[in-house]
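Participant: If you read the protein sequences in the order shown, they are chains A and B.
Just add 296 to the spot in the first sequence (first one is 1) and you have the working numbering.
Just add 296 to the spot in the second sequence (first one is 1) and you have the working numbering.
Protein chains: 2
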Amino acid sequence: MIFFQLKLRKTWERFQLHLPQFKTYSIKELSIFKNTVKFAKVELAFFAVPTDNFYSKKLTMRHQTTIKDIAKELHISKSTVSRVLTGNPNVNEETRKAVLALAQKLDYQKNIFARNLVTHKTNTIGIIVPEFMSSYFPKVIIGVQNIASKAGYNTIIAQSNENYETEVANAKVMMANQVEGLIVSVTKETNNFDHLIAFQRKEIPIVFFNRICEDMHVPKVVVDDYDGAFRAVEHLIVTGKKRIAHLAGPDNLSISRRRLNGYLAALRKYKIPVDEEIIIPYDLKIDKVKTLIQQLFNLKCPPDALFAINDPTAIEAIQVIKSMGIKIPEDIAIVGFSNDEVSGLIEPSLTTISQPVQKIGETAADLIFKLINKEINPNSAIIKTLTTELIIRHSTVR
Amino acid sequence: MIFFQLKLRKTWERFQLHLPQFKTYSIKELSIFKNTVKFAKVELAFFAVPTDNFYSKKLTMRHQTTIKDIAKELHISKSTVSRVLTGNPNVNEETRKAVLALAQKLDYQKNIFARNLVTHKTNTIGIIVPEFMSSYFPKVIIGVQNIASKAGYNTIIAQSNENYETEVANAKVMMANQVEGLIVSVTKETNNFDHLIAFQRKEIPIVFFNRICEDMHVPKVVVDDYDGAFRAVEHLIVTGKKRIAHLAGPDNLSISRRRLNGYLAALRKYKIPVDEEIIIPYDLKIDKVKTLIQQLFNLKCPPDALFAINDPTAIEAIQVIKSMGIKIPEDIAIVGFSNDEVSGLIEPSLTTISQPVQKIGETAADLIFKLINKEINPNSAIIKTLTTELIIRHSTVR
DNA sequence: TACTTGGTTGGGAACGTTCCCTATCTGTGG
DNA sequence: CCACAGATAGGGAACGTTCCCAACCAAGTA
Chain A
297 MIFFQLKLRK
307 TWERFQLHLP
317 QFKTYSIKEL
327 SIFKNTVKFA
337 KVELAFFAVP
347 TDNFYSKKLT
357 MRHQTTIKDI
367 AKELHISKST
377 VSRVLTGNPN
387 VNEETRKAVL
397 ALAQKLDYQK
407 NIFARNLVTH
417 KTNTIGIIVP
427 EFMSSYFPKV
437 IIGVQNIASK
447 AGYNTIIAQS
457 NENYETEVAN
467 AKVMMANQVE
477 GLIVSVTKET
487 NNFDHLIAFQ
497 RKEIPIVFFN
507 RICEDMHVPK
517 VVVDDYDGAF
527 RAVEHLIVTG
537 KKRIAHLAGP
547 DNLSISRRRL
557 NGYLAALRKY
567 KIPVDEEIII
577 PYDLKIDKVK
587 TLIQQLFNLK
597 CPPDALFAIN
607 DPTAIEAIQV
617 IKSMGIKIPE
627 DIAIVGFSND
637 EVSGLIEPSL
647 TTISQPVQKI
657 GETAADLIFK
667 LINKEINPNS
677 AIIKTLTTEL
687 IIRHSTVR
Chain B
297 MIFFQLKLRK
307 TWERFQLHLP
317 QFKTYSIKEL
327 SIFKNTVKFA
337 KVELAFFAVP
347 TDNFYSKKLT
357 MRHQTTIKDI
367 AKELHISKST
377 VSRVLTGNPN
387 VNEETRKAVL
397 ALAQKLDYQK
407 NIFARNLVTH
417 KTNTIGIIVP
427 EFMSSYFPKV
437 IIGVQNIASK
447 AGYNTIIAQS
457 NENYETEVAN
467 AKVMMANQVE
477 GLIVSVTKET
487 NNFDHLIAFQ
497 RKEIPIVFFN
507 RICEDMHVPK
517 VVVDDYDGAF
527 RAVEHLIVTG
537 KKRIAHLAGP
547 DNLSISRRRL
557 NGYLAALRKY
567 KIPVDEEIII
577 PYDLKIDKVK
587 TLIQQLFNLK
597 CPPDALFAIN
607 DPTAIEAIQV
617 IKSMGIKIPE
627 DIAIVGFSND
637 EVSGLIEPSL
647 TTISQPVQKI
657 GETAADLIFK
667 LINKEINPNS
677 AIIKTLTTEL
687 IIRHSTVR
């Protein structure tokens with residue numbers, strides 16, 4: 297008796313063979329499967345082991361209960377079992393009970409892959425966000441999941457880490473998982489939208505929020521950035537500030553442009569001249585803030601107020617300014633945008649624009665499901681604008 | 297000509313029928329499919345519509361390219377195409393190129409559901425966290441995803457919202473999606489672990505982190521809570537504090553117990569008597585903090601230091617204490633645990649224990665892949681303990 | 001010539017569902 | 001008795017892969 301193992305595909309399998317004479321055998325004589333051994337030959341390894349060390353090939357296979365097992369056990373057809381499990385009413389009450397009971401007993405779990413394969417329904421939506429270090433995106437996700445789970449849908453979450461390539465990869469994963477809808481806020485470096493247009497082409501609903509792609513004709517959820525920015529800057533003006541700087545976000549994000557426009561409009565309304573010198577372009581990289589702030593204060597005529605594109609930036613600005621020994625809000629008042637958790641905790645607390653973050657997620661999810669159910673036109677390009685609120689704290693008023 | 301629509305399964309389909317005479321027709325005469333109409337009968341609805349309003353049943357079917365399409369186009373078998381696409385080397389170079397080119401051209405996307413169905417490999421791991429409002433869990437997730445994507449795996453993220461039922465539901469989703477491994481930090485109310493033991497039974501690797509289940513014999517990743525707590529309290533003692541209170545976490549979380557033990561050990565080392573009165577049980581619900589703090593200061597002998605179970609709690613405590621007009625750190629010093637983002641920003645900045653959060657995620661993911669590849673024993677109950685660091689800030693030292 | 005051998009390809013079962021269509025039985029009204 | 005109906009069940013194709021096994025051809029090798 298000779299024992300040997302060979303590598304079939306990935307795993308080593310063991311076999312035993314009874315060889316009657318001591319002689320040289322041909323591969324063919326040895327082989328169990330005619331050609332397989334040929335292929336696996338290089339991996340073939342003879343060795344001797346005690347017989348009781350052998351394990352059956354099937355032994356380690358953990359079998360998951362299937363519809364067929366239930367059918368066999370109850371002597372009915374798998375069609376009937378399927379009918380019970382999918383809630384089709386055309387089943388005898390007793391049969392139904394028996395199936396349900398046995399399913400419970402055998403711990404039956406529907407194989408969603410088989411199901412998806414035939415129905416093309418995955419009951420899954422996806423959401424791609426640029427990060428979840430700030431409290432904003434997690435809150436949006438909670439909103440989305442609230443609505444999705446009510447609709448019996450799962451949510452696949454992906455974060456692109458503000459990296460375009462990762463975003464593309466995430467989109468591919470979403471596609472491969474056949475999400476029925478996709479909610480997206482793009483990275484700050486995303487300028488090419490092919491990976492998202494692919495969804496449109498396949499008629500998979502997309503909804504944007506926060507960082508939107510204006511060129512794509514799909515529904516979007518935003519807050520009224522223009523109005524928020526306007527009121528933030530108006531507040532600064534009303535409290536007596538004359539020279540208001542702005543740390544502006546990247547130009548390719550419409551959100552930056554809208555906030556910038558709100559800023560400009562407020563200045564215009566109060567007849568304050570616009571000075572390009574104190575509108576600082578900024579790429580949302582938090583570690584750049586220090587340099588930019590120092591730059592502002594090196595001007596011959598430094599600003600007496602700062603409107604930052606978002607809260608993390610404003611918070612970093614506060615740190616920097618405090619460390620420079622400049623007084624907030626007396627020497628310079630600061631406003632952010634978002635009302636992050638931290639804003640109320642720092643010293644001085646940050647005046648900011650709050651947005652209904654969870655509501656944004658819920659609204660986006662609502663739209664997705666309306667699209668999935670064809671209640672609205674996929675190309676409708678609805679823009680849901682949620683309102684913001686000015687939260688006045690100590691960074692502008694003592 | 298009569299038009300009608302009937303509901304087959306979920307959707308209304310339209311049909312047209314040429315009826316030669318005006319008379320009463322039997323269902324059978326009308327029916328297109330012998331029995332189907334019988335079933336759908338109750339939903340049957342006759343109506344007249346203009347013919348050109350009709351749409352073809354197949355028209356809206358968007359066809360996704362399959363392996364078969366490629367095979368047909370190139371006049372080769374789907375086996376060969378599959379071989380190319382799975383990287384099997386036994387294919388002629390020209391055939392390979394042709395297949396790859398056509399796949400590209402037709403925008404072929406592998407159907408992962410069909411693939412999973414036959415291979416039982418999903419290339420997916422899951423992670424369940426209690427929340428992601430604090431920066432802790434998001435950072436862990438980033439760590440996990442780093443490792444997972446390197447291994448070619450996708451990560452399904454779920455958050456239980458500190459709710460036991462949601463956690464169970466999440467576990468079900470993970471199971472249904474046939475994750476190959478699961479990383480978990482349980483909710484504060486989880487006492488029953490059946491939903492996780494189910495994974496063990498199916499031999500799906502589990503790794504715990506942070507909030508672990510001590511009774512389950514699986515690998516775990518934790519930080520040295522005992523040591524961290526010890527050093528935090530030691531620091532308070534060394535800076536001259538004599539009466540150190542502790543806001544202790546729920547008893548069912550081992551993390552709370554370990555931190556409590558570290559606290560007790562430090563007191564013991566410095567021969568400070570333990571006073572049960574100032575070890576306050578606390579259920580991690582942030583809105584309870586106010587009452588508990590007030591309670592502490594109503595004691596005839598209030599504490600001069602506070603060790604809070606985690607940073608959010610410590611931060612809330614600082615807010616409450618400040619609002620009471622009590623001085624930090626002179627009247628009471630405060631230490632947290634975690635080094636959340638906010639800790640360095642608030643006033644006074646919080647002394648705390650920092651942990652290598654992203655590393656925790658990476659370690660957990662590493663373990664999962666070692667388990668998946670059977671490099672370590674699934675029941676080994678390895679505990680990876682990562683070290684912490686004391687970060688001294690102004691909440692303890694002016 | 002008669003084998004091996006290597007390189008390449010094809011046929012077809014299997015994975016676990018859903019669902020179309022058919023079949024059978026029983027009951028009912030004319 | 002017939003025609004039809006309602007209730008229930010079964011057979012089997014289809015979904016898109018993977019992969020076992022067999023087959024074929026050309027080139028060595030004895």
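Note that the Cβ used here is the ideal one computed from N, Cα and C, for glycine as well.
Name the chain A residues that come within less than 8 Å of Met429 (chain B), Cβ to Cβ?
Facilitator: If you number the second sequence from 1, residue 429 (chain B) lands on position 133. Correct list: Ser431, Pro434, Lys435, Glu637.
Participant: Could you name the residues of the same chain whose beta carbon sits closer than 7 Å to that of Leu370 (chain A), not counting the 5 residues immediately before and after it, in chain order?
Facilitator: Your numbering for residue 370 (chain A) matches position 74 in the first sequence. For Leu370 (chain A), where only same-chain residues beyond five positions count, the Cβ hits under 7 Å are Ala394, Val395, Leu398.
Participant: What did DSSP end up calling Gln455 (chain A) once you bin it into helix, strand or coil?
Facilitator: Within the first sequence, residue 455 (chain A) is the residue found at index 159, counting from 1. Strand.
Participant: Use the C-beta contact count for Gly448 (chain B): other C-beta atoms within 10 angstroms, 16 or more gives buried, fewer gives exposed.
Facilitator: Position 152 of the second sequence, counted from the start, is the residue given in the question as residue 448 (chain B). When all chains shown are included, Gly448 (chain B) counts as exposed.
Participant: Comparing alpha-carbon positions, which option in A:Val480, A:Lys537, A:Ala465 lies nearest Ile502 (chain A)?
Facilitator: Walking along the first sequence from the start, residue 502 (chain A) turns up at place 206. For Ile502 (chain A), the nearest C-alpha among the options comes from A:Val480.
Participant: Any chance the CB of Pro599 (chain B) is under 6 Å from a heavy atom of the ligand NAD?
Facilitator: What this structure holds is no ligand at all, so the ligand NAD is not there to describe.
Participant: Which of the three DSSP states, helix, strand or coil, is assigned to Thr681 (chain B)?
Facilitator: Along the second sequence, one-based indexing puts residue 681 (chain B) at 385. Three-state DSSP puts Thr681 (chain B) in a strand.
Participant: Could you work out which residue in A:Ile611, A:Gly621, A:Ala661 is closest to Leu638 (chain B) when comparing CA atoms only?
Facilitator: On the second sequence, position 342 is the one that residue 638 (chain B) refers to. As written in the sequence, residue 638 (chain B) is Val, which differs from the Leu given in the question. Here the closest residue by C-alpha is A:Ile611.
Participant: If we define contact as Cβ-Cβ less than 7 Å, is Ala610 (chain A) a contact residue for chain B?
Facilitator: If you number the first sequence from 1, residue 610 (chain A) lands on position 314. Not one chain B Cβ lies under 7 Å of Ala610 (chain A).
Participant: Just list the beta strand (DSSP E) runs in the region 573 to 612 of chain A, keeping only unbroken ones of 3 residues or longer that don't cross its boundaries, in chain order.
Facilitator: Listed in chain order, the complete beta strand (DSSP E) runs (minimum 3 residues) inside the region 573 to 612 of chain A are 575 to 577, 601 to 604.
Participant: Determine the direct distance from the alpha carbon of Leu532 (chain A) to that of Ala290 (chain B), and round the result to whole angstroms.
Facilitator: Absent from the model: residue 290 (chain B). The displayed extent of chain B is 297 to 694, so no value can be given.
Participant: Could you check whether the Cβ of Asn450 (chain B) sits closer than 7 Å to any Cβ belonging to chain A?
Facilitator: On the second sequence, position 154 is the one that residue 450 (chain B) refers to. Chain A contact via Cβ: present.
Participant: Per DSSP, what kind of secondary structure is Pro674 (chain A) in: helix, strand or coil?
Facilitator: In the first sequence, the residue the question calls residue 674 (chain A) occupies position 378. Three-state DSSP puts Pro674 (chain A) in coil, outside helix and strand.
Participant: For Arg564 (chain B), count neighbouring Cβ atoms within 10 angstroms of its own Cβ and tell me buried if that reaches 16, exposed if not.
Facilitator: Sequence index remark: in the second sequence, residue 564 (chain B) carries index 268 (1-based). By the 10 Å Cβ count, Arg564 (chain B) comes out exposed.
Participant: Please go through the same chain and pick out, in chain order, the residues whose beta-carbon is closer than 8 Å to the beta-carbon of Leu682 (chain A), but skip the five residues on each side of it.
Facilitator: Here residue 682 (chain A) refers to the residue found at position 386 of the first sequence. Cβ within range, chain order: Val517, Val518, Val519, Asp520, Gln651, Pro652, Lys655, Ile656, Thr659.
Participant: Take Asn473 (chain A) and list the residues in its own chain whose beta-carbon comes closer than 8 Å to its own, dropping the five residues that flank it on each side.
Facilitator: Start at 1 with the first residue of the first sequence, and residue 473 (chain A) comes out as number 177. Excluding positions up to five away in sequence, the list reads Thr418, Thr420, Gly422, Ile452.
Participant: Could you check the C-alpha separation between Met620 (chain A) and Val534 (chain B) for me, to the nearest Å?
Facilitator: Taking the first sequence and counting its residues from 1, one reaches residue 620 (chain A) at position 324. Taking the second sequence and counting its residues from 1, one reaches residue 534 (chain B) at position 238. Each residue's Cα considered, the two are about 32 Å apart.
Participant: DSSP three-state label for Thr659 (chain A), please.
Facilitator: Residue 659 (chain A) sits at position 363 when you count from the first residue of the first sequence. Three-state result, Thr659 (chain A): helix.
Participant: With a Cβ-Cβ cutoff of 7 Å, do Pro569 (chain A) and Ala544 (chain A) count as a contact?
Facilitator: Working through the first sequence from its first residue, we reach residue 569 (chain A) at position 273. Working through the first sequence from its first residue, we reach residue 544 (chain A) at position 248. It is not a contact, given that the beta carbons lie outside the stated cut-off.
Participant: Looking at the structure shown, is Gly632 (chain A) part of a helix, part of a strand, or coil, going by DSSP?
Facilitator: What you label residue 632 (chain A) is simply residue 336 of the first sequence in a count that begins at 1. In this structure, Gly632 (chain A) counts as coil in the three-state DSSP scheme.
Participant: Does the Cβ-Cβ distance between Pro599 (chain B) and Ala677 (chain B) come in under 7 Å?
Facilitator: Residue 599 (chain B) sits at position 303 when you count from the first residue of the second sequence. Residue 677 (chain B) sits at position 381 when you count from the first residue of the second sequence. The answer is no: Cβ separation not under 7 Å.
Participant: Between which two residues does the alpha helix (DSSP H) containing Leu492 (chain A) stretch?
Facilitator: Within the first sequence, residue 492 (chain A) is the residue found at index 196, counting from 1. Looking at the DSSP string, the run of the alpha helix (DSSP H) that includes Leu492 (chain A) is 490 to 497.
Participant: Comparing C-alpha positions only, which one of B:Asp579, B:Cys597, B:Ala604 sits nearest to Ser634 (chain B)?
Facilitator: Start at 1 with the first residue of the second sequence, and residue 634 (chain B) comes out as number 338. Residue B:Ala604 is the option with its Cα nearest to Ser634 (chain B).
Participant: DSSP three-state call for Phe428 (chain A): helix, strand or coil?
Facilitator: Along the first sequence, read from residue 1 onward, the residue named residue 428 (chain A) stands at position 132. Phe428 (chain A): coil per DSSP, three-state reduction.
Participant: Which value, in whole angstroms, describes the spacing of the CA atoms of Ala661 (chain A) and Lys435 (chain A)?
Facilitator: Along the first sequence, one-based indexing puts residue 661 (chain A) at 365. Along the first sequence, one-based indexing puts residue 435 (chain A) at 139. The straight-line gap from Cα to Cα measures roughly 13 Å.
Participant: If you reduce the DSSP assignment to three classes, tell me which class Thr486 (chain A) lands in.
Facilitator: To locate residue 486 (chain A), count along the first sequence from 1; it is residue 190. Three-state DSSP puts Thr486 (chain A) in coil, outside helix and strand.
Participant: For Lys406 (chain B), which residues in chain A fall below 8 Å Cβ to Cβ?
Facilitator: Indexing the second sequence from 1 puts residue 406 (chain B) at position 110. Under the 8 Å cutoff, chain A gives Ala472.
Participant: By alpha-carbon positions, which one of B:Ile575, B:Met471, B:Ile500, B:Ile493 ends up nearest to Gly477 (chain B)?
Facilitator: By 1-based counting over the second sequence, the position of residue 477 (chain B) is 181. Checked all of B:Ile575, B:Met471, B:Ile500, B:Ile493; the closest Cα to Gly477 (chain B) is B:Ile500.
Participant: Within a Cβ cutoff of 6 Å, which residues of the same chain sit near Asn506 (chain B), ignoring the five residues on either side of it in sequence?
Facilitator: Working through the second sequence from its first residue, we reach residue 506 (chain B) at position 210. Once the five neighbours on either side are set aside, the close Cβ partners of Asn506 (chain B) are Ser481.
Participant: DSSP beta-bridge partners for Ile423 (chain B)?
Facilitator: As a position in the second sequence, residue 423 (chain B) is number 127, starting the count at 1. In DSSP, Ile423 (chain B) forms a bridge with B:Ile453, B:Ile479.
Participant: From Asn331 (chain A) to Asn386 (chain B), what does the alpha carbon distance come to, in whole angstroms?
Facilitator: Start at 1 with the first residue of the first sequence, and residue 331 (chain A) comes out as number 35. Start at 1 with the first residue of the second sequence, and residue 386 (chain B) comes out as number 90. At Asn331 (chain A), the pLDDT of 40 sits below 50, so the modelled position is not reliable; the number obtained from the coordinates is stated separately. Going by the C-alpha atoms only, they are around 13 Å apart.
Participant: Identify the continuous alpha helix (DSSP H) that holds His531 (chain B) and give its terminal residues.
Facilitator: Residue numbering aside, residue 531 (chain B) sits at position 235 when the second sequence is read from its first letter. That run of the alpha helix (DSSP H) goes 521 to 534.
Participant: Quick check: the Cα distance between Val440 (chain A) and Ile668 (chain A), rounded to an integer number of angstroms?
Facilitator: Taking the first sequence and counting its residues from 1, one reaches residue 440 (chain A) at position 144. Taking the first sequence and counting its residues from 1, one reaches residue 668 (chain A) at position 372. In a straight line, the C-alpha of Val440 (chain A) is about 15 Å away from that of Ile668 (chain A).
Participant: Determine the direct distance from the alpha carbon of Thr486 (chain A) to that of Arg689 (chain B), and round the result to whole angstroms.
Facilitator: Counted from its first residue, the second sequence places residue 689 (chain B) at position 393. Counted from its first residue, the first sequence places residue 486 (chain A) at position 190. If you take the alpha carbons of Arg689 (chain B) and Thr486 (chain A), they lie about 39 Å apart.
Participant: Ile453 (chain B) versus chain A: which residues are under 7 Å apart at the beta carbon?
Facilitator: Working through the second sequence from its first residue, we reach residue 453 (chain B) at position 157. Ile453, listed in chain order.
Participant: Look at the alpha carbon of Asn664 (chain A) and the alpha carbon of Phe593 (chain A), and state the distance between them as a whole number of angstroms.
Facilitator: Within the first sequence, residue 664 (chain A) is the residue found at index 368, counting from 1. Within the first sequence, residue 593 (chain A) is the residue found at index 297, counting from 1. The amino acid occupying residue 664 (chain A) in the given sequence is Ile; Asn does not appear at that position. Answer to the nearest angstrom: the Cα atoms are 47 Å apart.
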